[in-house]
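Chains as they are written, first to last, in the working numbering: chain S, -11 to 224; chain C, 9 to 363.
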Amino acid sequence: MLTINNLSVHYGGIHALKGINLEVPQNKIVTLIGANGAGKSSTLKSIMGLAKASGGSIKFNGEDIVNKPTTNMVSKGLVLVPEGRRVFSNLTVEENLFLGAYLRKNKEEITKDLNWVYELFPRLKERVWQKAGTLSGGEQQMLAVGRALMSKPKLLMMDEPSLGLAPLIVKDIFGIIKEIHRNGMTILLIEQNAKAALEVADYGYVLETGSITLEGPGKELMVNDEVQKAYLGEHK
Amino acid sequence: MKREKVIQSLISIAAVIILLVILNKVLTPFQARIFNLGGIYIILAISMNLINGFVGLFSLGHAGFMAVGAYTSALLTMSREAKEMNFFLEPIVPWLLDVQLPFPIAIIIGGLMAALAAALIGAPVLRLNDDYLAIATLGFSEIIRVIFTNTQSLTNGALGLKGLPYIGVTDSPKEAIWWIWGLVIITIVFMVLLINSTYGRAFKAIREDEIAAEAMGINLFKHKMMAFIIGSFFAGIGGALLGHYMNTIDPLLFRYLLTFNIILIVVLGGIGSITSSVISAIVVTIAQELLRVLDGKMQIGSLIINGVPGTRMVVFSALLMLVILFYQRGLMGTNEFSWSWFKKLPFKTKKAKIS
């Protein structure tokens, strides 16, 4: 569904991505793990057109989308749940969700998806009229995911959904990711929490200072020695 | 539910119209003047609130767009004789000499010219953010003023224009209230509809978080331009009304101080609320007149203070500082007037009686 070939990103003199190859097949969860500054967010930003790629190609369903405007990405079905949630804090939960459907016109379908999101996150339904800024961190993350779902994505990209959340809430969030996946969503997940991410992922890539150093099915990476050393803590 | 809201809005408008009929009979000419000035400030404050409050663009260019509107409308409505009398240093450009349009058309063209200026200025300037945007728009508004000071044959330069026609199509001063407050109602209705539309939601999203808004597929530049142009259109109309109402305009009137007067109204009321701009505009305009006492000679006990003109503005400056330091949400915050307030009131008292 999404194929990245030899993608490079420069920020001025800094070579943030040094030609990475990545593939996200239909109906799979693919995860990209790595430490701070490895280039995870840069990958997402260049897919979304928020950062300019200096080389390589990004193909979405066969169509080249490298360096296209972000607005077009959303209408094509590529949707990003941004890092740090970034909900519109002075707007109500409902307004936030409607903003997710900003580019859609069909009112019936929007209402249908709204109900689906409320089914998925009953907590949000309880707080429809509350301002998003008054929600807890976990609820804000749910709102950010719900908002992204409202734009009817074909590929949902999540940038560190577990960032700054308590372990129990992280578990909830990953449960939701699995649930959305069961509904047939293709997901590209970017995480520092390697354990949680690899547990849900079908396939994983390990990114280190701008290059992919390891890849393989999630379960295999979990038991890989190098991954264990670097991200999961050494064996006792 | 929706029909109920439409009916409520119509009742509100009818109530305002009845109020206007009464006020037009009761008010003395001086009081009517303040009331009408308040109306003009409402239009200006709402238009600035759209740009600064709802989209969150810190723009300080309002006075410039008002100048464009005021001059356009003035030049389009003045008679040939009036123009010849004004332009005694250098004759007016010939193609403008014989142009004389009815007042309503002229102010709309004034608004459109201001919108055009906004489109030209906005294209480069709206790529900037925060303080940089404020500085750039402030600069552009001063540039407009300086241009108007120096185009002698088009705007009569520093001499300004005198003897602008009165507001309205007849010479009756009682007509002004209808034009001004009619436009106030139109502006409010338009802005409420705009803010509650999908566009309005997108505006607020941009104000809250540009990156998230962009990730939702909102075209930032397009929406910023739209708000900037619409806001400037109403600023142009407000400027034109102000010019006609004062009968005389000159470039010095449109200094950045005028922009700050409107910012004062918007901030005191609450950034991001139409209702607050309306209330605040009226309160500030009336207070400015009431506080004129401070400008005159005062005797406190044995202490005699000789009046210093402008002392009353110190009160507003202090008030503005207090609001910014201690009560940033202003009078109303982002709340809006709604009929459901009144529904709640009797409901509560009834419940209290039962229990």
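Just so it is clear, CB atoms sit at the ideal spot from N, CA and C, and this is done for glycine as well.
Is the region 64 to 75 of chain S touching the region 143 to 154 of chain S, taking contact as three or more C-beta pairs under 8 Å? yes
Can you check the region 169 to 234 of chain C for any alpha helix (DSSP H) of at least 4 residues that lies completely inside it and give the ranges in chain order? 184 to 204, 206 to 216 and 218 to 223
Buried or exposed: residue 155 of chain S, going by 16 or more other Cβ atoms within 10 Å of its Cβ? exposed
Give me the DSSP bridge partner(s) of residue 175 of chain S. S/17 and S/144
Which same chain residues end up closer than 7 Å to residue 251 of chain C when comparing Cβ atoms and leaving out the 5 residues on each side of it in sequence? 78, 81, 82, 172 and 257
Nearest CA to the CA of residue 184 of chain C: which residue from C/230, C/170, C/111 and C/167? C/111
Within the continuous alpha helix (DSSP H) that includes residue 152 of chain S, where are the two ends? No alpha helix (DSSP H) contains residue 152 of chain S, which DSSP labels as neither H nor E.
Among C/127, C/193, C/275 and C/62, the one whose alpha carbon lies nearest that of residue 27 of chain C: C/193
Leaving out the 5 sequence neighbours to the left and right, which residues in its chain are closer than 7 Å to residue 169 of chain S when beta-carbon positions are compared? 17 and 175
Going residue by residue through the region 24 to 90 of chain S, where are the continuous alpha helix (DSSP H) segments of at least 4 residues, counting only ones entirely within it? 28 to 36, 58 to 64 and 81 to 88
Going by DSSP, what residue range makes up the beta strand (DSSP E) through residue 6 of chain S? 2 to 12
For residue 226 of chain C, go through chain S and note every residue whose CB falls closer than 8 Å to its CB, in chain order. 59, 87 and 90
Taking the beta carbon of residue 38 of chain C as the centre, do at least 16 other beta carbons fall within 10 Å, making it buried, or is it exposed? exposed
Can you pull the chain S neighbours of residue 213 of chain C, defined as C-beta to C-beta under 9 Å? 76, 79, 83, 84, 87 and 90
Span of the beta strand (DSSP E) around residue 204 of chain S: 199 to 205
Just confirm the distance between the C-beta atoms of residue 32 of chain S and residue 147 of chain S, as a whole number of angstroms; I'd bet it's less than 8 Å. 5 Å
Using beta carbons (cut-off 7 Å, strictly below), is residue 296 of chain C in contact with chain S? no
Cα-Cα separation between residue 21 of chain S and residue 69 of chain C, rounded to whole angstroms: 47 Å
Can you tell me whether residue 326 of chain C is buried or exposed? The criterion is at least 16 other CB atoms within 10 Å of its CB, across all chains shown. exposed
By the criterion of Cβ-Cβ separation under 7 Å, what are the contact partners of residue 70 of chain S in chain C? 219, 220 and 223
Could you check the C-alpha separation between residue 31 of chain C and residue 21 of chain C for me, to the nearest Å? 15 Å
Work out the CA separation of residue 305 of chain C and residue 134 of chain C for me, nearest whole Å. 47 Å
What does DSSP give as the partner residue(s) for residue -9 of chain S in the beta ladder? S/11 and S/47
Assigned secondary structure, residue 316 of chain C (DSSP; H/G/I helix, E/B strand, else coil): coil
If the criterion is Cβ atoms closer than 7 Å, does the pair residue 247 of chain C and residue 121 of chain C meet it? no
Pull up the distance between the alpha-carbon of residue 341 of chain C and that of residue 137 of chain C, whole angstroms please. 23 Å
In angstroms, rounded to a whole number, what distance separates the CA positions of residue 201 of chain C and residue 332 of chain C? 29 Å
Measuring CA to CA, which of S/197, S/63 and S/143 is closest to residue 225 of chain S? This structure gives no information on residue 225 of chain S, because the portion of chain S shown stretches from -11 to 224.
Are there 16 or more other CB atoms within 10 angstroms of the CB of residue 329 of chain C, so buried, or fewer, so exposed? exposed
Assuming the contact rule is C-beta atoms closer than 8 Å, residue -8 of chain S and residue 9 of chain S should be a hit. Round their C-beta distance to whole Å, please. 6 Å
Assign residue 97 of chain C to one of three DSSP states: helix, strand, or coil. coil
Among C/311, C/161 and C/43, which residue has its Cα nearest to the Cα of residue 287 of chain C? C/43
Does DSSP put residue 108 of chain C in a helix, in a strand, or in coil? coil
For the region 31 to 44 of chain S, which residues have a beta carbon sitting closer than 8 Å to at least one beta carbon of chain C? 36 and 38
If you reduce the DSSP assignment to three classes, tell me which class residue -3 of chain S lands in. strand
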